[in-house]
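S.K.: In this note's numbering, the protein residues as written are 103 to 1136.
Beta carbons are placed, not taken as given, at the ideal position from N, Cα and C, and that holds for glycine.
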């Protein structure tokens, strides 16, 4: 007989504190039991107490009890609770996640899992690589679009993961699709043409998916890999095909408990079914669930497990817990009023179940606060002010949570909290690749790799500015200018420096760093990559700098997670080196693969920012549900790229309103995290793609009874808004020192303003300084090289026409393009692609215009250089015009023409009359008009200007020419812009742009914003000054 564990005094106390329903759950230790436990009803307590009671009432050994949870944190919480009840014997009870249990089975009996002995876990990156390769190799109907063959990669991965979690292997999927095909043929005459087409298209996608799924499984076996979902399915296969193995575990365990059973997937459920099959309908299986909190299952599966359980165990006892020990009653009533709008509910299948929760707390009743802000910026201001006041009044920050629908919604709030110095943490969804220290280290690795190649060095320029490099910024500017002057890379320029270089104060710092780069490249060829990365970190000054920072623990946590990722990649690929690692990193970034930091300590004294999914199982005193608008909370417009067959589940409840019911359950979860108060906020307008759009509140707000809510109207006054602007508008970090001022003035002494420079300054003065004045060396993108070659080809074509007075052939034009493209620096693959593109473009261009070509008056005509002098007041101007054609020889009138490659712009875009344009193209034409007017050596009169979009004939089968007549008013307006701009340039005003949407695609964004691009621009924030101050009632 097994010695009973010694129960602690806490056990009897726990037993005595149980309410009748909880006591029934704890004392019903024999046979199947299903407990429906709403939020805050103490399910962890009853599971732990029930285990202790089993040990007290029977002679069961603790190791004969198997308790399975949904998450590792759930398993930890359950074990800690059990330790308090039975002491050290709690360690003998097998408490784990399903995945950990499966891993234990495989490790304990490796002879039944031959493949697992040599297989290695699949990294997320490898998964994408395998799927992409399969897409490239397999003939597919719909899941490989011609122009974007990997468009469906993420959707394919997600679908295969879902299928594996539901224990659907390729053979089973094939059977399901065969049945679906027969059904579609049978129903064909009863379906509308559109419905039949949609179902046929979806079936074709699933047949493509089946091909990929089959190939994926073969690839895993061939490469010796397994994915996360495979382990459970391996155990299912082993239990199904080896009675001896199954019997071992059936004899080992006598009592089974499963927490969060509503979210247990089919594969996990099969494990339980197999383990309990020996005892049949009388198995000692205890499951705890709440279908109203089912937020992780396959859509339509919220009732799947409960109905299957009742079918398998018809005599099972059903117990409903309705006493809530978390929330005050009004919160429970409000949440109930929302969730009751769902039609798919266990209560409708079992009418005897009563779901209304009763509060068993002494918290005062508080209505649900609803705050409507006139703009999303003011919603965030409200949150910052409200929470600051709450903390000032004595509330602990860790008792406050912000719950958003998506991670992206948390970033602007975090930005506000930073400015208001509110301590906070973002729980889940973070990617360490976006953290400051990892960005620094990745840049260090990229520069190390690039230093061995003959390429430009923008990354090196950015790296030299990072604080851990400790290099004088003026020395960097001088170095960059010297490189540009000598038409050399920064790297080559450093190699030619010496201590005696008089212009740069500390050349040895550059020289020492370049020597380190050489050392690190040598390390890369002689060491395994994990060692190389470690040595680069240690030998650079990054680690010393990191350790000197006040938030060094956070930096170290992120850096350690990054190194764990490196170790995993190196483990899976022993030949990993710097080049292949950076290629892998680029693929991860391209596919948005997230590398998460270790779990944060939730006991820290900070406000938590999280999503509804991540909030599950947690609780806070004060819950703020934010950005509660339609399309965000409810009616989310998510497109299902691959819709899996509904009949992969036995008891699915698919209906058109399934998605809104899933989202309502998520809102219910968010509401029921609250102990004392709920605050729901939404904006009446927000910024979307740079435009202000009106919004409407979520329908879930309208499902709250009016008597339970308190509509707040706390519009800030203008003084508060002005204070906010002072906090949020990023202060200039672009102040120029006296030595740098002298240096820039010397550069400006011989400066001529071109339209390219003008447009660059108007877009971002700081970028103008780097590109135009300092001329930071950087690689030329292949599309720019393509444009250069097209311009060169058209120039030679028209010069030939002018010289020979005979139209050159199409072959001549294409030959000139090929020769020009060969002179450009680009990769072999880019060269082949651009050559193919250019031949198509110029062939179509020639065919469309061959009857319209006329000999030019000028090609590549320079203004402001040599004998041409162009000045506006005291401002030297310069430019080069692609082509000038005669319009009327008698009157000496001409047309100015500028070639453009790329997608054709509309006239509205050219003139700056659309949201996505700033008028730079039209400004260029006006500038050319001004150049010709001011150049006394140029006698013809410009009467027309033209943009010729060269690719339009090939892309749109029509001309790409847009002709404009420039007015004198436009010229005068441009003169004023030039005067104002040059005044700012000569005053050395080179601030970074405040329109941060520009920064997203800027090559200098890592230099300007190493900690990430700010959330709001000054233009966006200025909306606060004009925002209507009247919040509307819902």
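#1: Quick check: what's the CA-CA separation for residue 698 versus residue 549?
#2: CB-CB under 6 angstroms to residue 812, same chain, minus the five flanking residues each way: which ones, in chain order?
#3: Unbroken alpha helix (DSSP H) runs of length 4 or more, entirely within the region 561 to 626: which are they?
#4: Using 7 angstroms as the threshold, is the C-beta distance between residue 356 and residue 510 below it?
#5: Could you tell me whether the region 429 to 440 touches the region 764 to 783, using the rule of 3 or more Cβ pairs below 8 angstroms?
#6: Could you check where the alpha helix (DSSP H) with residue 785 kicks off and where it finishes?
#7: Is it true that the CB of residue 226 sits closer than 7 angstroms to the CB of residue 199?
#8: Helix, strand or coil: which one does DSSP assign to residue 994?
#9: Tell me which residue opens and which closes the alpha helix (DSSP H) that residue 214 is part of.
#10: In three-state terms, what does DSSP make of residue 1049?
#11: Rank 1093, 329, 346 by C-alpha distance to the C-alpha of residue 869 and give the top, closest one.
#12: Just the C-alpha distance for residue 1116 and residue 850, rounded to the nearest angstrom, thanks.
#13: Span of the beta strand (DSSP E) holding residue 168?
#14: If contacts are defined as beta-carbon pairs under 8 angstroms, then residue 141 and residue 449 qualify, I think. What distance do you get, rounded to the angstrom?
#15: Mapping DSSP to helix, strand and coil, what is residue 726?
#16: Counting beta carbon pairs with one atom in the region 533 to 541 and one in the region 493 to 505, are three or more of them shorter than 8 angstroms?
#17: Can you look up residue 221 in the DSSP assignment and give me helix, strand or coil?
#18: Please report the distance separating the alpha-carbon of residue 254 from that of residue 237.
#19: For residue 144, is the classification buried or exposed, using 16 other Cβ atoms within 10 angstroms of its Cβ as the cut-off for buried?
#20: Please specify which runs of the beta strand (DSSP E), each continuous and at least 3 residues long, are wholly inside the region 445 to 491, giving them in chain order.
#21: Is residue 1043 helix, strand or coil when you go by DSSP?
#22: With a CB to CB cut of under 8 angstroms and the five nearest residues on each side skipped, what residues in its chain are close to residue 317?
#23: Please say whether residue 743 and residue 257 have beta carbons closer to each other than 7 angstroms?
#24: May I have the straight-line CA-CA distance separating residue 663 from residue 696, to the nearest angstrom?
#25: DSSP on residue 789, reduced to helix/strand/coil?
#26: Excluding five sequence neighbours on each side, which residues of the same chain lie with their C-beta closer than 6 angstroms to the C-beta of residue 693?
#27: Can you tell me the Cα-Cα spacing of residue 372 and residue 284, whole angstroms?
#28: Find out if the Cβ-Cβ distance for the pair residue 409, residue 393 is shorter than 7 angstroms.
#29: Touching or not, the region 993 to 1002 and the region 1024 to 1036, by the rule of three or more beta carbon pairs under 8 angstroms?
#30: If you reduce the DSSP assignment to three classes, tell me which class residue 88 lands in.
#31: Can you give the beta carbon distance from residue 766 to residue 407, rounded, assuming they're within the 8 angstroms contact cut?
#32: So residue 306 and residue 188 are in contact, right, with Cβ under 8 angstroms, and what is the actual spacing, rounded?
#33: Do you know how far the Cα of residue 545 is from the Cα of residue 607?
#34: Looking at the secondary structure, which residues open and close the beta strand (DSSP E) in which residue 961 lies?
#35: Between which residues of its own chain and residue 384 is the CB-CB distance below 6 angstroms, once the five residues before and five after are set aside?
#36: Give the secondary structure of residue 854 by DSSP, where H, G and I count as helix, E and B as strand, and everything else as coil.
M.R.: Concretely, from the data shown:
#1: When rounded, the distance between both Cα atoms is 25 angstroms.
#2: Cβ neighbours of residue 812 beyond the five flanking positions: 469, 471.
#3: 575 to 587, 592 to 597
#4: no
#5: yes
#6: Taken as a continuous stretch (DSSP letters only), residue 785 belongs to no alpha helix (DSSP H), being part of the beta strand (DSSP E) at 776 to 785.
#7: no
#8: coil
#9: Per DSSP, residue 214 lies in no alpha helix (DSSP H) and is assigned neither H nor E.
#10: strand
#11: 1093
#12: 31 angstroms
#13: 167 to 171
#14: 16 angstroms between Cβ atoms; not a contact.
#15: strand
#16: no
#17: coil
#18: 9 angstroms
#19: By the Cβ-count criterion, residue 144 is buried, with 16 or more other Cβ atoms from all chains shown falling within 10 Å of its own Cβ.
#20: Whole beta strand (DSSP E) segments, 3+ residues: 470 to 475.
#21: strand
#22: 236, 239, 240
#23: Yes, the pair counts as a contact, with Cβ atoms nearer than the cut-off.
#24: 11 angstroms
#25: Note: residue 789 maps to strand in three-state DSSP.
#26: Cβ within range, chain order: 230.
#27: Per the coordinates, the alpha-carbon of residue 372 lies some 28 angstroms from the alpha-carbon of residue 284.
#28: no
#29: yes
#30: An answer regarding residue 88 cannot be provided, because it is not within the stretch 103 to 1136 covered by the chain.
#31: Incorrect: roughly 19 angstroms between the Cβ atoms, too far for contact.
#32: The pair is not a contact, with the Cβ atoms about 57 angstroms apart (cut-off 8 angstroms).
#33: Taking the CA atoms as reference points, residue 607 sits about 25 angstroms from residue 545.
#34: Counting along the chain, residue 961 sits inside the beta strand (DSSP E) bounded by residues 960 to 965.
#35: In chain order, 133 place their CB closer than 6 angstroms to the CB of residue 384, counting only its own chain and leaving out the 5 sequence neighbours on each side.
#36: coil
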